[in-house]
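Just so we're on the same page, the working numbering is the position in the sequence shown counted from 1, plus 493.
Glycine residues also receive a C-beta, built at the ideal position from the N, C-alpha and C atoms.
Keep in mind it's a predicted model, so treat the numbers as computed, not measured.
First the structure, in the form of structure tokens, and then the observations on it.
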Amino acid sequence: MEMGTRSLPQETEYMREALKEAEKAYALGETPIGCVIVWRGEIIGRGYNRRAIDKSVLAHAEITAIAEAERYLADWRLEEATLYVTLEPCPMCAGAIVQARVGRVVYATANLKAGSAGTVIDMMHVAGFNHQVEVVGGILEKECTDLLKRFFRELRAEKDKPYPPKELPKEFFQASAKELAPKLVGKILCRRLNNGEVLRYRITETECYYGEKDTACHAHKGRTARTEVMYQDGGITYIYLCYGIHYLLNIVTGQAGFPEAVLIRGVEGFEGPGKLTKAMQIGKELNGQELSSAGELWLEEDGSKVKIERHKRIGIDYASPKDQNRKWRFKKS
494 MEMGTRSLPQ
504 ETEYMREALK
514 EAEKAYALGE
524 TPIGCVIVWR
534 GEIIGRGYNR
544 RAIDKSVLAH
554 AEITAIAEAE
564 RYLADWRLEE
574 ATLYVTLEPC
584 PMCAGAIVQA
594 RVGRVVYATA
604 NLKAGSAGTV
614 IDMMHVAGFN
624 HQVEVVGGIL
634 EKECTDLLKR
644 FFRELRAEKD
654 KPYPPKELPK
664 EFFQASAKEL
674 APKLVGKILC
684 RRLNNGEVLR
694 YRITETECYY
704 GEKDTACHAH
714 KGRTARTEVM
724 YQDGGITYIY
734 LCYGIHYLLN
744 IVTGQAGFPE
754 AVLIRGVEGF
764 EGPGKLTKAM
774 QIGKELNGQE
784 LSSAGELWLE
794 EDGSKVKIER
804 HKRIGIDYAS
814 PKDQNRKWRF
824 KKS
């Protein structure tokens, strides 16, 4: 067995060929891993990761290269061959390498999550197996690692990129207020006016009100004509007049029979629940309405990521000390 790093010109040349295969995977949006198999100075097998494209867990670079090499030699035994791969093999590929009796494995970058040539586990030198594999690591490590880092950096950026807004379905609101209150921060509140104009504002602050045991919740004293709407299935509005001055918009959440809701406290440009309802022309006539673009109020999401702060709720001096201290207010930071 040979472990460690060496940078012989010939080893580097073959690893560059494996890197070319990895770049093919990168160009296709696949995790960039490439492999070549060398036998008596000739490349007889090539492969690159195609798992997502082929929709197959077997479509790893090493598996493809081994299959091609076996076809070339018309034999499954690859004792004289060296396998070059840009990332240390996973357990599946390590098993295939041992089964194919590959003589040597040279990899570029250690696989910290599933490396099976010694980093996490060592399947190349199991005493009970009928074959041992020589292993060399670290050839062209920087170049291959840089390609992987670039791929995952771009992947994260793509995931964080906003997409065209889409309406939140009724099923979204079936979760509890405790779960949805932070999730609603960053979502888009939409209001269709009588003239057909649609107002859209991104939510910046919410509060959770959760059940009859929450002494800050309107339903704390039980079911009344006013709170009846809170006992319905999630996905409808609960709107009430506060101190005879302004209306407050709440989103009913969860399942029928358990009263809970999320107060929308602020949107971009309008901090304060009364200011936002005034700006969006939301009044008592919208109480109990289903949130739907077929109606006058609905919510959308566009994938925007926001950082959220947790705080105590505001204006609930009447609640118990325990409930006053709950950090059930969520605000965009």
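Closest residue to residue i among the options (Cα-Cα distance)
i, options, result
"isoleucine 775", "Leu521, Arg693, Ala749, Ile732", "Ile732"
"alanine 749", "Ile729, Gly759, Ile757", "Ile729"
"arginine 693", "Pro814, Ser813, Glu794", "Glu794"
"alanine 518", "Pro655, Tyr541, Tyr507, Ile537", "Tyr541"
"leucine 784", "Lys768, Arg685, Arg716, Asp707", "Arg685"
"lysine 659", "Trp821, Lys680, Ala670", "Lys680"
"valine 628", "Arg646, Leu580, Phe645", "Leu580"
"phenylalanine 644", "Ala520, Phe823, His624", "Ala520"
"threonine 697", "Arg758, Glu516, Pro662", "Arg758"
"glycine 808", "Arg716, Tyr702, Lys798", "Tyr702"
"glycine 534", "Tyr811, Tyr507, Thr524", "Tyr507"
"alanine 515", "Arg564, Ala601, Gly596", "Ala601"
"isoleucine 536", "Asn780, Arg509, Pro525", "Arg509"
DSSP state of residue i mapped onto helix, strand, coil
i, result
"lysine 805", "coil"
"phenylalanine 823", "strand"
"serine 813", "coil"
"arginine 643", "helix"
"arginine 684", "strand"
"phenylalanine 751", "coil"
"valine 461", "Outside the shown range of the chain (494 to 826) lies residue 461, about which nothing can therefore be said."
"arginine 509", "helix"
"cysteine 583", "coil"
"isoleucine 632", "coil"
"alanine 567", "coil"
"glutamate 690", "coil"
"glycine 735", "Reading the sequence as shown, one finds cysteine at residue 735 and not glycine. Looking at cysteine 735 - three-state DSSP - the assignment turns out to be strand."
"alanine 552", "coil"
"glutamine 503", "helix"
"aspartate 653", "helix"
Sequence-distant residues of the same chain with beta carbon closer than 8 Å to residue i, five excluded per side
i, result
"alanine 583", "It should be noted that the sequence gives cysteine, not alanine, for residue 583. Taken in chain order, the residues that qualify are His553, Asn604, Ala607, Gly608, Ser609."
"arginine 719", "His711, Tyr733"
"threonine 505", "Ile632, Leu633"
Integer-rounded CB distance, given that residue j should sit under 8 Å from residue i
i, j, result
"glutamate 700", "alanine 674", "7 Å"
"alanine 558", "valine 529", "6 Å"
"arginine 806", "alanine 712", "In fact, because the Cβ distance is near 15 Å, the residues do not count as touching under 8 Å."
"histidine 804", "lysine 820", "6 Å"
Beta-carbon proximity of residue i to residue j, cut-off 8 Å
i, j, result
"alanine 754", "phenylalanine 763", "no"
"threonine 770", "tyrosine 736", "no"
"glycine 527", "leucine 512", "yes"
"leucine 792", "leucine 633", "no"
"leucine 571", "alanine 593", "yes"
"alanine 650", "threonine 746", "no"
"alanine 562", "alanine 574", "yes"
"lysine 676", "glycine 796", "no"
"valine 722", "glycine 781", "yes"
"glycine 765", "isoleucine 738", "no"
Beta-carbon proximity list for residue i, same chain, < 7 Å, skipping 5 on both sides
i, result
"isoleucine 590", "Glu555, Leu576, Pro582, Val598, Val626"
Beta-carbon contacts of residue i that lie in its chain and below 6 Å, excluding the five residues immediately before and after
i, result
"methionine 616", "Ala587, Ser609"
"asparagine 865", "Summary: the structure shown does not reach residue 865, with the chain confined to residues 494 through 826, and so no result is reported for it."
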